[in-house]
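Engineer: These protein sequence lines map, in sequence, to chains A and B. The opening residue of the first sequence carries number 16 in my numbering; numbering runs sequentially from there. The opening residue of the second sequence carries number 16 in my numbering; numbering runs sequentially from there.
2 protein chains.
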Amino acid sequence: MHQKLFSYINQYTSLTLSSEEETLIRSAFIPKKVKKKQFFLQEGDVSKYAGFIVKGAMRQYSVDDKGVEHIVHLYIENYWVNDRESATMLTPSVYNIDAWEDTDLLTITRPDMLDLITKIPSMAQMIRLMDERNAIASQRRLNSAISSTAEKRYEEFANNYPQFIQRFPQYLIASYLGVTQETLSRIKRQLFK
Amino acid sequence: MHQKLFSYINQYTSLTLSSEEETLIRSAFIPKKVKKKQFFLQEGDVSKYAGFIVKGAMRQYSVDDKGVEHIVHLYIENYWVNDRESATMLTPSVYNIDAWEDTDLLTITRPDMLDLITKIPSMAQMIRLMDERNAIASQRRLNSAISSTAEKRYEEFANNYPQFIQRFPQYLIASYLGVTQETLSRIKRQLFK
DNA sequence: CGCGGGTTTGATGATGCTCAAGCCCGGTGG
DNA sequence: CCACCGGGCTTGAGCATCATCAAACCCGCG
Numbered sequence: 016m017h018q019k020l021f022s023y024i025n026q027y028t029s030l031t032l033s034s035e036e037e038t039l040i041r042s043a044f045i046p047k048k049v050k051k052k053q054f055f056l057q058e059g060d061v062s063k064y065a066g067f068i069v070k071g072a073m074r075q076y077s078v079d080d081k082g083v084e085h086i087v088h089l090y091i092e093n094y095w096v097n098d099r100e101s102a103t104m105l106t107p108s109v110y111n112i113d114a115w116e117d118t119d120l121l122t123i124t125r126p127d128m129l130d131l132i133t134k135i136p137s138m139a140q141m142i143r144l145m146d147e148r149n150a151i152a153s154q155r156r157l158n159s160a161i162s163s164t165a166e167k168r169y170e171e172f173a174n175n176y177p178q179f180i181q182r183f184p185q186y187l188i189a190s191y192l193g194v195t196q197e198t199l200s201r202i203k204r205q206l207f208k
Numbered sequence: 016m017h018q019k020l021f022s023y024i025n026q027y028t029s030l031t032l033s034s035e036e037e038t039l040i041r042s043a044f045i046p047k048k049v050k051k052k053q054f055f056l057q058e059g060d061v062s063k064y065a066g067f068i069v070k071g072a073m074r075q076y077s078v079d080d081k082g083v084e085h086i087v088h089l090y091i092e093n094y095w096v097n098d099r100e101s102a103t104m105l106t107p108s109v110y111n112i113d114a115w116e117d118t119d120l121l122t123i124t125r126p127d128m129l130d131l132i133t134k135i136p137s138m139a140q141m142i143r144l145m146d147e148r149n150a151i152a153s154q155r156r157l158n159s160a161i162s163s164t165a166e167k168r169y170e171e172f173a174n175n176y177p178q179f180i181q182r183f184p185q186y187l188i189a190s191y192l193g194v195t196q197e198t199l200s201r202i203k204r205q206l207f208k
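(1) How about L157/A: is its C-beta nearer than 8 Å to some C-beta of chain B?
(2) Grab me the residues of Y94/B's own chain with a C-beta within less than 6 Å of its C-beta, minus the 5 sequence neighbours each way, in chain order.
(3) Scan the segment 60–127 of chain A and note each continuous beta strand (DSSP E) run of 3 residues or more that stays entirely inside, going in chain order.
(4) Against chain A, with Cβ distances strictly below 8 Å, would R41/B count as a contact?
(5) Would you please state the rounded distance, in angstroms, between the beta carbons of M16/B and L121/B? I believe it to be under 8 Å.
(6) Kindly indicate if chain B contains any beta-carbon less than 8 Å away from that of V61/A.
(7) State the beta-bridge partners of P46/A as determined by DSSP.
(8) Within 8 Å of any Cβ in chain A, is that where the Cβ of V87/B sits?
(9) Where does L30/A sit, in a helix, a strand or coil, going by DSSP?
(10) Can you tell which of K203/A, Y186/A, I86/A and K48/A has its C-alpha closest to the C-alpha of R155/B?
(11) How is F207/B classed by DSSP in three states: helix, strand or coil?
(12) By the criterion of Cβ-Cβ separation under 7 Å, what are the contact partners of I151/B in chain A?
(13) Suppose you measure from the CA of Y186/A to the CA of I202/A; what does that come to, to the nearest Å?
(14) Which residues in the same chain as K134/B place their Cβ atom closer than 7 Å to its Cβ, once the five residues preceding and following it in sequence are excluded?
(15) Kindly indicate which three-state DSSP category F55/A falls into: helix, strand or coil?
(16) Smallest Cα separation from Y242/B: which of F21/B, S200/B and I45/B?
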């Protein structure tokens with residue numbers, strides 16, 4: 016279980032984890048299973064754990080006044096799930112995170128994570144890299160949200176994240192792109208001629 | 016000049032900078048002035064410097080096929096400007112960053128920054144905090160982009176960032192919010208009755 | 001066969017965009 | 001002191017895009 020996390024960390028850092036470091040990590044990260052449709056984080060709760068997905072698929076979404084869900088993130092293996100705003104500020108989350116498929120996670124509390132960062136250099140390095148990738152991805156998504164048509168957003172998404180199109184139904188993709196499922200359906204029809 | 020950066024760092028970290036650390040920082044951060052309408056980063060160039068704004072105001076935007084500008088960020092004092100995608104991947108930027116007011120910056124190359132992070136603990140800590148705040152802000156903006164009406168987006172923005180409304184003209188705010196200036200004008204009329 | 005989850009299609013309407021014109025206001029120069 | 005100009009904001013009319021609502025369809029499965 017933890018092995019996938021180790022290779023993930025090694026893959027993203029120049030260094031290799033020592034066995035003491037692996038032990039530290041092993042004791043900080045607690046395995047957790049979340050069954051399909053069950054919550055990892057529920058709106059109104061304060062996020063206590065960050066999670067690393069070993070196997071499965073999850074989604075993060077907000078629900079507006081009309082009860083409509085808006086997908087803010089889709090996650091599969093090797094993604095980190097969390098509402099960082101809630102975890103950092105200790106405020107109730109406005110998001111839900113639930114499992115779309117049965118999911119195996121490794122979870123860690125914020126204090127434990129901060130501790131690992133100070134003790135394990137490659138952990139600090141990995142976190143910085145994750146933040147960087149995250150910043151880049153957010154930037155891209157933001158830019159396409161404000162400057163592209165729905166059609167281009169879909170094309171871009173389909174090119175960059177084909178795995179997601181396999182694993183999630185179209186109406187979730189539509190919501191992720193900020194359009195309704197009907198609109199996405201029509202967009203795809205356009206693209207095929 | 017560098018003093019503003021020191022107090023910025025001290026403000027965000029538990030530690031205080033030693034005088035050796037201040038010296039290191041002083042030699043890595045190079046002052047630069049950018050006059051109104053001049054570029055800090057231009058589309059097609061690879062970003063070589065990150066900048067800390069000591070005084071002034073800048074904007075980051077992309078230009079679409081029709082020549083329309085789309086504001087992805089607005090910056091004032093104490094903000095960091097950069098296209099992290101370009102800086103990290105060493106790819107040509109798709110963004111422009113220019114000065115909206117005459118601006119004083121402290122600039123630093125990526126290698127120098129990485130060096131400071133390894134040598135100065137409070138620098139590493141500060142960067143992590145910045146990334147965290149950045150992640151939170153992006154998340155919020157993304158969520159409101161996909162789930163809110165233009166009207167709510169404006170209200171939220173006006174409440175959270177009143178300084179920006181002072182310093183930038185309305186048509187830039189409109190672009191930042193992903194609507195045209197005409198639409199924003201009409202939205203404001205609605206809000207006043 | 002019928003049901004559940006997901007997708008498609010059509011008709012209608014709201015929202016926001018485009019284009020064009022006018023307005024407002026603070027310079028600047030005659 | 002006035003005329004004009006530029007930058008920014010507003011207003012209006014028409015149009016494109018996308019949302020909404022409702023119905024039909026598709027398909028795997030019990």
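Glycine is no exception: its CB is placed at the ideal position from the N, C-alpha and C atoms.
Structural biologist: Looking at the coordinates:
(1) yes
(2) Cβ neighbours of Y94/B beyond the five flanking positions: I68.
(3) Runs found: 64–70, 73–78, 84–90, 111–114 and 118–124.
(4) no
(5) 7 Å
(6) Taking Cβ atoms only, chain B never reaches closer than 8 Å to V61/A, which makes this a no.
(7) L121/A
(8) yes
(9) L30/A falls in the coil class under three-state DSSP.
(10) When only C-alpha atoms are compared, the closest one is I86/A.
(11) coil
(12) Residues of chain A passing the Cβ test: R99, E100 and T103.
(13) 13 Å
(14) L39
(15) Strand at F55/A.
(16) With chain B represented from 16 up to 208, any question about residue 242/B goes unanswered, as that position is not in the structure.
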